[in-house]
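J.: Note that this note's numbering has the sequence shown beginning at 12, numbered continuously upward.
The C-beta atom is built at its ideal place from N, Cα and C for all residues, glycine as well.
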Amino acid sequence: MGNILSVKDINVYYGAIHAVTDISFDVNEGEIVTLIGANGAGKSTTLNTISGLLRSKTGDIEFMGNSIAKMGPNKIVQNGLVMVPEGRRIFLGMTVLENLEMGAYTRPNSEIKESLEQVFELFPRLKERIHQIGGTLSGGEQQMLAMGRALMAKPKLIMLDEPSMGLAPLLVDLIFEIIKDLHKAGSTILLVEQNAKAALSIADRAYVLETGKIVKSGKGSELISDPVIKKAYLGA
């Protein structure tokens, strides 16, 4: 498995607030890598910086061997790196189909039908609601739509920012089953998630963030049984 994403010594500020400090990590092709930590630890800031929505004062971000640190968000998507944002951010006034088509804006029309079929195979509920307005879907369905929209771009790497946020426990389980299915189908995934137990249970590797710094890293299976991690994040 080759390296697909390399984050090197990034430092991100909100005005005078130093939100992310000297963060470095890698994602290899075919992996699920998760960033865990408490609210305000810098997880979402890191994803937003990788996706071009924020800028790092230092370091570099390489995707598929090329620097994307100064690239615009649309160009980053065109290169195959797509984020499913926190809070889903679907187009509430558009239908399910229109939302999915928006996800494919970087791709030729000739490829869209095949991608739609793949999304509907993964999310049959979206096919049932193809002409329904996005804003009338349940929270779980909106999360599926946000993930389906990202897949329409045919990404080489999917970043998921808090996919379980605000969902009922049964739906959380469903979303994590879908993430596992995406992985089995060949997707490389960078996952930010406050539900540390669920994230570590499916991750190949994990990085623990505290106040904008990586304080621990390792295999998901090792960290889930680490006494310090259990006490701090798993309620054990």
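(1) Would you mind giving the Cβ-Cβ distance between residue 220 and residue 52, rounded to the nearest angstrom? I have them listed as a contact below 8 Å.
(2) Give the DSSP bridge partners of residue 216, in chain order.
(3) To the nearest angstrom, how far is it from the Cα of residue 156 to the Cα of residue 167?
(4) From which residue to which residue does the beta strand (DSSP E) around residue 30 run?
(5) From the DSSP output, in three-state form, read off residue 92 for me.
(6) Fully enclosed by the segment 149–227, which alpha helix (DSSP H) runs are 4 residues long or longer?
(7) Go ahead and pull the three-state DSSP assignment for residue 81.
(8) What number of angstroms, rounded off, separates the C-alpha of residue 69 from the C-alpha of residue 125?
(9) Taking the C-alpha atoms as reference points, what is the distance between residue 165 and residue 78?
(10) What is the rounded straight-line gap between the Cα of residue 102 and the Cα of residue 141?
(11) Starting from residue 19 and walking both ways along the beta strand (DSSP E), at which residues does that stretch end?
(12) Less than 8 Å between the beta carbons of residue 47 and residue 200, yes or no?
T.: In terms of the structure at hand:
(1) 4 Å
(2) 44 and 230
(3) 19 Å
(4) 28–39
(5) strand
(6) 150–162, 180–195 and 207–213
(7) coil
(8) 40 Å
(9) 20 Å
(10) 14 Å
(11) 14–25
(12) no
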